[in-house]
Amino acid sequence: MTNRADLQITKDGKRYYVEWDRTTSGREIEHAERIAANDPNHGGIELRIVDPYKK
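Quick note: the sequence shown uses numbering that gives the first Met the number 0, first residue 0, plus one each step.
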């Protein structure tokens with residue numbers, strides 16, 4: 000199974016990935032592991048956890 004990261008950048012021949020998830024999704028680690036499995040030579044994977052603003 001593949002996961003397309005929310006943002007993918009190539010710099011100096013290496014792919015870098017940014018994935019945004021909410022704390023309630025529970026999928027952030029699974030997404031990062033899948034990206035790493037699909038691209039073992041990646042330059043880095045950044046996970047950003049965001050939640051909606053609540054007053």
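All C-beta atoms, glycine included, are put in the ideal place defined by N, C-alpha and C.
The alpha-carbon separation between D5 and P51 amounts to approximately 17 Å. Rounded to the nearest whole angstrom, the CA to CA distance from Y15 to K54 is 34 Å. Between L46 and A31, the C-beta gap is smaller than 7 Å, which places the two residues in contact. Counting the other CB atoms within 10 Å of its CB gives D20 a total of 16 or more, which places it among the buried residues. Counting the other CB atoms within 10 Å of its CB gives I48 a total below 16, which places it among the exposed residues.
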